[in-house]
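Numbering-wise (this note's numbering), the sequence shown opens with residue 2 and increments by one. Data first, discussion second: the structure below is written as structure tokens.
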Amino acid sequence: MNTLLIKNVLLSGRKTNILVKGNRFENLDAPSDTVVDNVLDGEGTAILPSFFNTHTHAAMSLLRGYADDMPLDKWLTEYIWPFENKMTALDIRNGSELAVREMIASGTTFFSDMYFDIQETIDIVQKYGIRAAIGITFVESHSKSEQKDKLDMLENWVDPTGGRIMLTVAPHAVYTVSSELFVKCADVARQHNLKIHVHLSETEKEVTDCKAQHGLTPVRYLDNLGVLGPNVIAAHVVHIDEEEAEILAERGVTVAHCPCSNMKLSSGHLNYALLEKAGCRVTIGTDGACSSNNLDMREAMKFAALLAKDRSGNPQLMSAEDAFRIATRNGAEAFGIDAGAIEKGKLADAVLVDMNNIKMQPCHNLISNWVYSADSSAISHVLCDGKIIL
Ligand SMILES: [Zn+2]
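Structure, rendered in structure tokens:
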């Protein structure tokens with residue numbers, strides 16, 4: 002098994018040598034003369050868990066800056082969908098490559114994606130050594146034969162990386178997927194033990210339309226259909242009431258909070274206090290680069306913390322420690338990935354942060370600097386699955 006020794010790196014304020022064996026942390030206090038295959042000089046850096054981006058559309062990086070400063074409905078129907086109708090498989094590959102390179106450079110080692118021509122994205126994930134949950138998107142407008150092809154792909158799926166890629170079932174949203182198709186998606190996910198990735202309660206219009214069509218809010222509607230459960234990762238979840246927060250928590254649903262996308266599209270503001278009180282697991286996503294306009298999880302983490310405080314008038318809400326855990330460990334847990342912490346036995350996914358970077362100085366509190374002050378220029382190395390990928 003391949004071994005790597007990260008020498009003289011700061012872990013929880015103490016300089017140490019970290020041994021990685023295969024794809025896991027083997028020893029967090031290894032002797033400096035341990036015989037290994039590779040040595041990484043960590044002098045002047047601190048090791049932290051890498052980011053888990055729980056909601057994005059990687060290939061949309063190709064649409065970065067294409068349609069700014071407009072509401073979601075107009076943005077989707079007049080700009081995004083017409084553009085996407087012209088995208089080829091090669092475009093998806095190029096967009097995914099741009100996205101994956103940006104994510105790695107900004108300290109992300111996992112992303113949960115929802116798009117089409119997914120084999121292109123899978124190839125890029127495999128090539129760059131990152132992790133991903135690739136959504137098989139279901140929308141009503143796809144033909145029956147397209148839907149069948151997707152179900153066949155699920156049936157015959159073998160992860161080419163031996164553990165870094167999982168598929169998810171991704172019914173797009175309540176306004177693009179019928180109740181029959183939602184029920185079918187939930188059945189397929191149960192049958193194959195897969196996560197469900199869905200947009201939920203993103204805008205006021207979605208809620209109003211759902212109530213008019215089904216007599217229920219989107220959360221109650223999906224709950225009535227039996228879709229909600231611990232395998233569901235719901236993106237946005239901006240427009241909910243207290244009872245809906247409790248429903249989500251009771252069903253074990255994970256929320257993928259996308260603060261930058263929500264603010265830019267004026268979709269509304271996630272009520273973190275409500276979700277926290279209900280005991281709902283919150284994670285962070287960037288959403289696609291056409292609404293956020295980058296895939297920088299560190300930036301999204303900072304915005305999440307600031308937004309929680311600003312909306313609640315409570316500066317203690319979502320502390321730096323909370324925001325950091327939400328952006329790292331919570332995301333890993335939501336997808337059942339044994340990572341998100343620098344601990345013996347955990348999968349070795351991590352960033353090395355350059356403590357001499359100007360935004361990391363002085364260092365009264367490492368996590369405070371990382372959440373509130375730094376940018377990705379402070380990242381010196383990124384590890385995923387025990388390998389140095391940056
Ligand atoms: Zn989205």
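Glycine residues also receive a C-beta, built at the ideal position from the N, C-alpha and C atoms. Quantities reported herein were computed from a predicted structural model and do not represent experimental measurements.
Annotation for I105: the continuous alpha helix (DSSP H) segment containing it runs A90 to A106.
Excluding residues up to 5 positions away in sequence, S51, I105, G108, T110, V352, I390 and L391 lie with their Cβ nearer than 7 Å to the Cβ of V383 in the same chain. Under the three-pair Cβ rule at 8 Å, the stretch 161-171 does not count as touching the stretch 32-49. A residue is called buried when at least 16 other Cβ atoms come within 10 angstroms of its Cβ; A90 does not meet this threshold and is exposed.
Close CB contacts of L217 within its chain, under the 8 Å cut and outside five residues either way in sequence, are with C211 and N225 (chain order). Nearest neighbour of L348 by Cα position, chosen from K8, L20 and G14, turns out to be L20. The DSSP-derived three-state label of I197 is strand. For G346, the number of other beta carbons within 10 angstroms of its own is below 16, and it is reported as exposed. The beta carbons of F325 and I285 sit about 10 Å from each other, so the pair does not count as a contact at 8 Å.
Bounds of the alpha helix (DSSP H) holding T122 are I119 to Y129. Judged by the Cβ position, D114 fails to qualify as a neighbour of ligand 1 at the 6 Å threshold, every heavy atom of the ligand being at least this far. For D30, the shortest separation between its Cβ and any heavy atom of ligand 1 does not lie below 6 Å. Distances from the CB of D288 to the heavy atoms of ligand 1 include at least one below 6 Å. For A235, the beta-bridge partners assigned by DSSP are V199 and V256. Assigned with DSSP and collapsed to three states, G136 falls in strand. Annotation for R65: no beta strand (DSSP E) segment contains it, and DSSP assigns it neither H nor E. In this structure, the beta-carbon distance from H240 to V208 falls below 7 Å. The stretch 156-167 makes contact with the stretch 116-127, as at least three CB pairs between them are under 8 Å. The beta-carbon separation of G96 and M115, rounded to 13 Å, does not stay under the 8 Å limit for a contact. The Cβ atoms of L201 and A235 sit closer than 7 Å to each other.
T329 and E44 have their C-alpha atoms some 24 Å from each other. Per the DSSP secondary-structure output, T329 pairs with nothing in a beta bridge.
Excluding residues up to 5 positions away in sequence, A60 and L63 lie with their Cβ nearer than 8 Å to the Cβ of D92 in the same chain.
Within the stretch 147-203, the complete alpha helix (DSSP H) segments at least 4 residues long are 180-193, listed from N- to C-terminus. Taking C-alpha positions only, T287 is separated from L5 by approximately 31 Å. According to the DSSP assignment, A351 belongs to no alpha helix (DSSP H) but to the beta strand (DSSP E) extending over A351 to D355.
Under DSSP, Y116 takes part in a beta bridge, and its partners are I137.
Non-local beta-carbon contacts of T177 in its own chain, meaning distances under 8 Å to residues more than five positions away in sequence, involve V140, E141 and S142 in chain order. In chain order, A333, K347, L348 and D350 place their CB closer than 6 Å to the CB of A340, counting only its own chain and leaving out the 5 sequence neighbours on each side.
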